[in-house]
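Residue numbering for the sequence shown follows UniProt numbering, beginning at 1 and increasing consecutively.
Where is the CB? At the ideal position from N, CA and C, for every residue including glycine.
The block underneath contains the structure these notes are about, expressed in structure tokens.
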Amino acid sequence: MLPLCHDDERSALLQFKESRISGDFYAWKFDCRPTMASWKPEEGNVDCCSWDGVHCNKNTGHVVKLNLSHSCLFGSINSSSSLYKLVHLEWLNLALNDFNSSEIQPEIINLS
Numbered sequence: 001m002l003p004l005c006h007d008d009e010r011s012a013l014l015q016f017k018e019s020r021i022s023g024d025f026y027a028w029k030f031d032c033r034p035t036m037a038s039w040k041p042e043e044g045n046v047d048c049c050s051w052d053g054v055h056c057n058k059n060t061g062h063v064v065k066l067n068l069s070h071s072c073l074f075g076s077i078n079s080s081s082s083l084y085k086l087v088h089l090e091w092l093n094l095a096l097n098d099f100n101s102s103e104i105q106p107e108i109i110n111l112s
């Protein structure tokens, strides 16, 4: 049986989801799909390793890959973003979203 995702990583992903403005109303700008719409632990889907765009290490259950490209996201990413709590993350794709020309913060180097 594959391990479930870690509580702290699920929490970080949900915090990131809550901090973003996302939705179909934004689809006019990019050909996008709201990836995070499937992240619904309140509906019983608590294993973040099974969420769209989230990939976990099959042995440890840590989130190692996050693909949120074309996800209808906009806003900004600052140094306090919960993304920086995903310390086992090895691959991140945020392409074709609109983060208001946010600069990549130096904290990104703390990810593996």
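V63 is bridged by DSSP to C56. Pairing L66 with W91 gives a Cβ-Cβ distance under 9 Å. According to DSSP, residue pairing for D98 in a beta bridge involves F74. Per DSSP, reduced to three states, the secondary structure at L83 is helical.
If you check the CB distance, N93 and G75 do not come in under 9 Å. Residue pairing of L92 in beta bridges, as defined by DSSP: L66. Non-local C-beta neighbours of K85 in its own chain, meaning closer than 6 Å and more than five positions away in sequence, comprise A12, ordered along the chain.
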